[in-house]
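For the sequence shown, this note's numbering assigns the number 61 to the initial residue and increments by one for each residue that follows.
Yeah, the Cβ is synthetic: ideal placement off N, Cα and C, and Gly gets one too.
These numbers come from a predicted model, not from an experiment.
Single-structure report; data block below.
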Amino acid sequence: MPHFFETLRAVPIALFAIDEAHCISEWGHDFRPDYLSLAAIAGNFRDIPIAAFTATATAQVQEDIIKKLGLRTPYVVRASFDRRNLFYRVEKKIDVERQIYKYIMEHAGVPGIIYRATRDSVVTLSNYLQKNGIRALPYHAGLTAVERTTNQNAFSKDEADIIVATIAFGMGIDKSNVRFVIHADLPKNIEGYYQETGRAGRDGEPSECILYYAPGDAHKIRYFINKIEDEAEYTAAEAKLTRMILYASVNVCRRRQLLDYLGQQYEPQNCGTCDVCVGSYELRDITEDAQTALSAISRTGQRFGRLHVIDVILGKSTKRVLELLHDKIKPFGAGRHKDKDYWRAIFDELIGQELLVQEGDKYPVIKLTKRGTSVLFGKESVTAKMRPEIKAEVVKKVSRTEVGSRFEDYDQALFERLRTVRRAFADELNVAPSIVFSDRTLHEMCRFYPTTIEGLWSIAGVGQYKIDHYGNEFVNEIRAYLGQNPDMKPDINCR
61 MPHFFETLRA
71 VPIALFAIDE
81 AHCISEWGHD
91 FRPDYLSLAA
101 IAGNFRDIPI
111 AAFTATATAQ
121 VQEDIIKKLG
131 LRTPYVVRAS
141 FDRRNLFYRV
151 EKKIDVERQI
161 YKYIMEHAGV
171 PGIIYRATRD
181 SVVTLSNYLQ
191 KNGIRALPYH
201 AGLTAVERTT
211 NQNAFSKDEA
221 DIIVATIAFG
231 MGIDKSNVRF
241 VIHADLPKNI
251 EGYYQETGRA
261 GRDGEPSECI
271 LYYAPGDAHK
281 IRYFINKIED
291 EAEYTAAEAK
301 LTRMILYASV
311 NVCRRRQLLD
321 YLGQQYEPQN
331 CGTCDVCVGS
341 YELRDITEDA
351 QTALSAISRT
361 GQRFGRLHVI
371 DVILGKSTKR
381 VLELLHDKIK
391 PFGAGRHKDK
401 DYWRAIFDEL
411 IGQELLVQEG
421 DKYPVIKLTK
431 RGTSVLFGKE
441 SVTAKMRPEI
451 KAEVVKKVSR
461 TEVGSRFEDY
471 DQALFERLRT
481 VRRAFADELN
491 VAPSIVFSDR
501 TLHEMCRFYP
511 TTIEGLWSIA
521 GVGQYKIDHY
531 GNEFVNEIRA
541 YLGQNPDMKP
551 DINCR
């Protein structure tokens, strides 16, 4: 605003720092037109440096940020996007509320964020979890500012374990001990998904990123994309959604897919930290089914989308199939022994392996590539990592004491006692518990049992200020615990 520029000119400014800079790019996942007005900074303050920061920028978004902000010969730092402590997993979405409840009960008391696509689904899920004894709170734009702030603060201070939110939640959040981020609905694009999963494990400790996926989620997103009138904006949104669908449906290393999209080459063949690479999938020869799909595409003239071709493979006598006489071609009904979800997975796999390509925007058709033609005529075979069939299960209500956590490689009983000490300090200072000590620091205390102030120095995240203000209470609590548990021995460097 003009009067604010006049105010700025009246004070000595050293630097303009622009956070979430991807919002200025129309190619970014969170474009905000108001950010475009930031371009006026360079013209009005020519001698003052400008810095722009974002955690998620493709090369195209990076160039757009530089251009839109009018940055002058900027020094570009592009750090690695690889978050090694995060484990990526995609699950078939069956009964998502029960699936999420089961996961939370298996990781009792662990802080997590659950993203949902709509306000109504946020309210429904948070209510469901609350009724089942989970300390969960909602967060969405329909709440009042006071309600949003109250719920966010409760989560930050460990007064609630779970926050169920729309994508309105997250920017500026720096809760270090979030152990999991769940997406209960398909995100619109990989940039947004990557940024939201990046809110897990900021303390460097192992954390999980889980996406529950059902093909129907994509149809809901496409409904809104189809309302976009600007052709370039529509094309960009559709392309982003297509990449997101491939991430969720093609059984290729999740980490490799994310980093490839963000323009970072990932060398290892096995990341060891995603469901595909750790062996949750079976390697199968799908050549015969691939040939069925490729033949159906070829014999229908490579002029149709996947849904019509799948109807042909399943032998469905739809009005369109009958009008086009596609019930008379050889592939008609050739795959009726498998269901629609299976054939969708086959098509996703063939696109992911570049045997097929989608062409067109609003109504994309599927065509064979050179390699696809080679497979069709039996010159090549096709293998794919396929998930074993999952059937809906009844989730029994379990007590928190019945289950453990995959994140626990430390003394959990001592951790709970140290959390109580930390909570007392945090309440006294009116700060988040992680400000006193992060979970990572407490975990180390629960591995090495420091019993002296000198021993605390070997623990990550402990410095002079924290030793002076909190050290004695934590050391005393550890000593008391060891006195009650004589089999536990402190590390020799922590005595």
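Three-state secondary structure assigned by DSSP to S267
strand
Quick check: L301 and R282, are their CB atoms within less than 8 Å of each other?
yes
Using the C-alpha atoms, what's the distance from T257 back to I174?
10 Å
Can you confirm whether the stretch 390-400 touches the stretch 284-295 when touching is taken to mean that 3 or more C-beta pairs between the two stretches lie within less than 8 Å?
no
In the stretch 126-203, which residue ranges form an unbroken alpha helix (DSSP H) of at least 4 residues, counting only runs that do not cross its ends?
156-166 and 179-191
Less than 8 Å between the C-beta atoms of V182 and P198, yes or no?
yes
Pick helix, strand or coil for V369, following the three-state DSSP scheme.
helix
For S441, count neighbouring Cβ atoms within 10 angstroms of its own Cβ and tell me buried if that reaches 16, exposed if not.
exposed
Do the stretch 271-290 and the stretch 146-155 meet, that is, are 3 or more Cβ pairs less than 8 Å apart?
yes
Please list, in chain order, all residues of the same chain as R539 whose beta carbon is under 7 Å from its beta carbon, the five residues on each side excluded.
T511
So within the stretch 346-399, which uninterrupted beta strand (DSSP E) runs reach at least 3 residues, ignoring any that extend past its ends?
none
Starting from the C-beta of N211, find all residues in its chain whose C-beta is less than 8 Å away, skip the five residues before and the five after it, and write them out in chain order.
L197, P198, Y199, L203, A220 and I223
Where V463 and V238 are concerned, what is the direct C-alpha to C-alpha distance, given to the nearest angstrom?
In this prediction, V463 scores a pLDDT of 34, lower than 50, which makes its location untrustworthy; no coordinate-derived value is stated.
In terms of alpha-carbon separation, which member of W87, C83, A168 and D107 lies closest to L98?
C83
Looking only at DSSP bridge pairs, what is L416 linked to?
L428
Just mark I73 as buried or exposed, buried being the case when its beta carbon has 16 or more other beta carbons within 10 Å.
exposed
For L428, is the classification buried or exposed, using 16 other Cβ atoms within 10 angstroms of its Cβ as the cut-off for buried?
buried
Would the beta-carbon of Y254 fall within 8 Å of that of H243?
no
Alpha carbons only, please: which of S309, T352 and D320 is nearest the one belonging to Y341?
S309
Which residue comes first and which comes last in the beta strand (DSSP E) that contains V224?
I222 to A225
What three-state label does DSSP hand A520 in the structure shown?
coil
Terminal residues of the alpha helix (DSSP H) in which V241 lies
No alpha helix (DSSP H) holds V241; the beta strand (DSSP E) holding it covers F240 to H243.
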